[in-house]
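As structure tokens, the structure follows; a few thoughts come after it.
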Amino acid sequence: MMSGMTETEEHLQRLALDADSDMRPEQPLLLIGNPNNRRTLGLQEARRRLGLQPAFVLPYDSLLKAWRRGGTMADAVQQCMEGVVVTQMPGTSWISPSASMTYANHEIVHGVNNVPLIRIDAPGEEWEVERELLFLGANTASLTDGAFARMIPPEETLTLEQEWGRIYPPNQWFRGWNACLERMGREARKYWPNARFMNDPAEIAIMFDKRKCQQHLFSHGVQVPSTLQSSGPITNYADLRSAMEIAGMYRVFVKLACGSGASGVVAYQINPRTGAEIAITTVGMEQVQGQTIFYNQGQMRRYTTTTEISTLMDWLCAEGAQIERWMAKATLGSSVYDIRQLVAGGQAGHAIVRLSQTPITNLHLRNERLLPAEAGLDEQQMDRVKMAAKAAMAAFPHSWSAGIDVMLSGSADPCAYVLDVNPFGDLLYRVQHNGLGTYEWEMELLRKEPYNHA
-3 MMSGMTETEE
7 HLQRLALDAD
17 SDMRPEQPLL
27 LIGNPNNRRT
37 LGLQEARRRL
47 GLQPAFVLPY
57 DSLLKAWRRG
67 GTMADAVQQC
77 MEGVVVTQMP
87 GTSWISPSAS
97 MTYANHEIVH
107 GVNNVPLIRI
117 DAPGEEWEVE
127 RELLFLGANT
137 ASLTDGAFAR
147 MIPPEETLTL
157 EQEWGRIYPP
167 NQWFRGWNAC
177 LERMGREARK
187 YWPNARFMND
197 PAEIAIMFDK
207 RKCQQHLFSH
217 GVQVPSTLQS
227 SGPITNYADL
237 RSAMEIAGMY
247 RVFVKLACGS
257 GASGVVAYQI
267 NPRTGAEIAI
277 TTVGMEQVQG
287 QTIFYNQGQM
297 RRYTTTTEIS
307 TLMDWLCAEG
317 AQIERWMAKA
327 TLGSSVYDIR
337 QLVAGGQAGH
347 AIVRLSQTPI
357 TNLHLRNERL
367 LPAEAGLDEQ
377 QMDRVKMAAK
387 AAMAAFPHSW
397 SAGIDVMLSG
407 SADPCAYVLD
417 VNPFGDLLYR
427 VQHNGLGTYE
437 WEMELLRKEP
447 YNHA
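Residue numbers for the sequence shown, in this note's numbering: -3 to 450.
Written as structure tokens, this is what we have:
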């Protein structure tokens, strides 16, 4: 081992030295994300450790404001190049003259005569971005789109004050996010006709919509939980109860179609004999000036009264919900578990087992995390998880990586079901694959791919 270096640092140095001997030019990376958050910082640090040029960061805030003022993605990039937006990390500049991109005529970028690779990252954790997406959603709504959902008028969105945990109109936000994805794809291809996206914007939009995603996976032969069928749209609590009764499906997950991080997820069950019902969720409710406000509580709570449950379900169904069978997950001791499996470049890499005493396993809810070996998962079980995750990723041929949530059924011969496809699911802590963290592994895979791979 090299003096003073950890095993991981030594491995990274060898990779960087190997890269120096590779005469293939480095493809520049344009990162559309939020500066200085944990995702951007993690990716930039991974590139630094691998000896790669820093990504050029185009902040969502700059891009969305440029659009609102009548500009384009090109205008937003130019403003960043001119230093209107300055983003830095200790010891290195992310946007500097040597890292500048000439976007309109496809000339020298990072010293490479090529178009960039574009990574679209998560837009969350920035209030200004949240407001801009709500504004965009208000201005792209049709007369019938989200007809049952509440909407904030566009002139009010930009004056909203942040209330921590509050869930603002999800359907409106999602319309804005879809419009953002569509325009990013259209304008990027206009300025870089041969630009390569790590994950295609149109496919990100499908992954983000749990209804479309599960239908898409099913149509590609991927095993997913069955969906509650109904003769008509399920727009409220009464519709939901009726559809469950007709289908004989008394345990369901009701999931906000565009939710993430367990936001708007409800494990709901009815006793068919007594009619008693229970809803387990992180969603809290408050009455403010005669209006029900919904918020993420950060911990599980149970609703058992029809008044509370009907209010919750009316809101979820109006905003747009995926309703699927609540299946029995495999257990470890008294906990149920599922697995977040990262897939990149067709390879199954990092995996985390998420254990919970409740039906909802997201780690930020103080659930337990284990490596598969620590959880006692054997090779056969993990092979099933990896096969399911890779099959789900293959259903999106124009996308390169995602975190796939997979459950094993609670049976002697378990089946693997895909629960969710997260295009930004590579933020996994304290887990390595081939001696590398998630971002390092992904960047190293990209570096090894043929330079002109599409």
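Ideal Cβ positions, reconstructed from N, Cα and C, are used throughout, including at glycine.
Contacts around residue i, its chain only, beta-carbon distance under 8 angstroms, and the 5 residues preceding and following it disregarded
i	result
E282	T288, I289, Y291
E183	T68, M69, A70
I148	L130, A134, L156, Y164, P165, Q168
A371	L328, Y333, V349, L351
Q293	G161, T278, V279, G280
P229	D235
Same chain only: Cβ atoms within 6 angstroms of residue i, ignoring 5 sequence neighbours per side
i	result
E124	D57
V381	I335, Q337, V402, A412
K206	K251, A253, Q318
T136	R171, A175
I266	Y246, E273
T277	V262
A51	L25, L27
H394	D196, E199
G181	P197
F392	E199
G38	Y435
Beta-carbon proximity of residue i to residue j, cut-off 8 angstroms
i	j	result
I356	V250	no
H346	L441	no
L60	M69	no
M33	P55	According to the sequence displayed, residue 33 carries Asn and not Met. No. Outside cutoff.
T231	E320	no
Q49	E22	yes
V451	Q219	Here the chain has residues from -3 to 450 only, and residue 451 is not among them.
A201	F420	no
I242	I114	no
R350	R362	no
F193	W173	no
Y164	E126	yes
S456	A234	Limits of the chain in this structure are -3 at one end and 450 at the other, which puts residue 456 out of reach.
A275	L308	yes
W311	V248	no
A326	L404	yes
V417	C209	yes
R162	W63	no
S330	Q295	no
Residue i burial status per 10 Å Cβ neighbour count (16 or more: buried)
i	result
W160	exposed
D422	buried
D409	exposed
N167	buried
G369	For clarity, residue 369 is Ala in the given sequence; the question names Gly instead. It is exposed - the Cβ of A369 has fewer than 16 other Cβ atoms within 10 Å.
V73	buried
Q376	exposed
T434	buried
H212	buried
N430	exposed
V279	buried
R65	exposed
P221	buried
N448	Confidence in N448 is poor, its pLDDT being 39 and thus under 50, which makes the residue's placement too unreliable to answer from.
W90	In this prediction, W90 has a pLDDT of 34, which is less than 50 and means its spatial position is unreliable; what the coordinates show is noted afterwards. Buried, by the Cβ-count rule.
R43	buried
E128	buried
L432	buried
L154	exposed
A315	Checking the sequence, you will find Glu at residue 315 rather than Ala. Looking at its Cβ environment, which holds 16 or more other Cβ atoms inside 10 Å, E315 is buried.
One or two residues paired with residue i in a DSSP bridge
i	result
S397	A340
L26	F52, I114
N195	S395
G316	G316 pairs with nothing; no bridge assigned.
N158	Looking at the sequence provided, one finds Gln at residue 158 rather than Asn. Beta-bridge pairing links Q158 to no other residue.
R350	D334, R365
Same chain, Cβ closer than 7 angstroms to residue i, five either side skipped, listed in chain order
i	result
A344	Q337, K382, A385, K386
P150	F131, A134, N135
W396	M194, N195, A340, G341
G406	A324, K325, A326, T327
Three Cβ pairs or more, each shorter than 8 angstroms: is that satisfied between the stretch 333 to 340 and the stretch 398 to 406? yes
Does the stretch 299 to 318 come close enough to the stretch 351 to 371 to have 3 or more Cβ pairs within less than 8 angstroms? no
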